[in-house]
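See below for the structure under consideration.
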Amino acid sequence: MAITGVYETVLYAADVRAAAAFYATVLELRLVDGPDELAVAFRLDDGGVLLIFDPSRSSLPGRPAPSHGATGAGHVAFSVEDGTLDAWTETLRERGVEIELEKPWLNGGRSIYVRDPAGNSVELVEGDLWPA
Numbered sequence: 000m001a002i003t004g005v006y007e008t009v010l011y012a013a014d015v016r017a018a019a020a021f022y023a024t025v026l027e028l029r030l031v032d033g034p035d036e037l038a039v040a041f042r043l044d045d046g047g048v049l050l051i052f053d054p055s056r057s058s059l060p061g062r063p064a065p066s067h068g069a070t071g072a073g074h075v076a077f078s079v080e081d082g083t084l085d086a087w088t089e090t091l092r093e094r095g096v097e098i099e100l101e102k103p104w105l106n107g108g109r110s111i112y113v114r115d116p117a118g119n120s121v122e123l124v125e126g127d128l129w130p131a
């Protein structure tokens with residue numbers, strides 16, 4: 000018996016529709032549900048799901064799933080295909096997205112960091128950052 004991966008990742012945004020537009024248009028994620036006033040869902044190529052919830056609504060009791068929420072900026076890191084991080088950097092700049100940090104890692108991986116409309120930290124990673 001073992002955990003085999005992360006199935007869902009949740010970020011929080013008071014304006015779900017603005018966050019949905021960023022992830023669909025700027026990062027080109029595949030929309031699979033919503034957006035509505037509560038949430039939006041995106042399916043990633045590896046099968047995982049990114050959910051974005053309005054924390055004021057998702058923390059209410061009596062929902063079909065246990066209530067949850069967070070305040071402050073969250074963080075998510077997406078893997079990108081090898082050799083494409085520079086193209087992502089250029090594309091994001093062309094789309095008016097500020098690159099907050101470009102980071103080379105000791106083992107050869109690289110990252111760029113941007114902010115979504117809710118202030119969440121979004122990292123795009125090329126290569127591997129962590130020991131196996």
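Under numbering that gives the first Met the number 0, the first residue of the sequence shown is numbered 0, with each subsequent residue one higher. C-beta atoms are modelled at their ideal positions from N, C-alpha and C, and glycine is treated no differently.
- When secondary structure is reduced to three states using DSSP, Thr83 falls in the coil class, being assigned neither helix nor strand.
- Taking C-beta atoms under 8 Å as the contact rule, Phe41 and Arg56 fail to qualify, at a distance of about 18 Å.
- Within the region 22-61, the runs of beta strand (DSSP E) at least 3 residues long that lie entirely inside it are, in chain order, 29-32, 38-42, 48-52.
- For Ala17, the enclosing alpha helix (DSSP H) has its first and last residue at 15-20.
- Taking all protein chains in view, the Cβ of Ile2 is surrounded by fewer than 16 other Cβ atoms within 10 Å, so the residue is classified as exposed.
- Val121 and Ala76 have their C-alpha atoms roughly 6 Å apart.
- Straight through space, the alpha carbons of Met0 and Ala72 are spaced by roughly 33 Å.
- With 16 or more other CB atoms across the displayed protein chains lying within 10 angstroms of its CB, Asp53 is buried.
- Where Ser110 is concerned, the enclosing beta strand (DSSP E) starts and stops at 109-114.
- The count of Cβ pairs closer than 8 Å, one atom from the region 106-116 and one from the region 58-69, stays below three, leaving the stretches out of contact.
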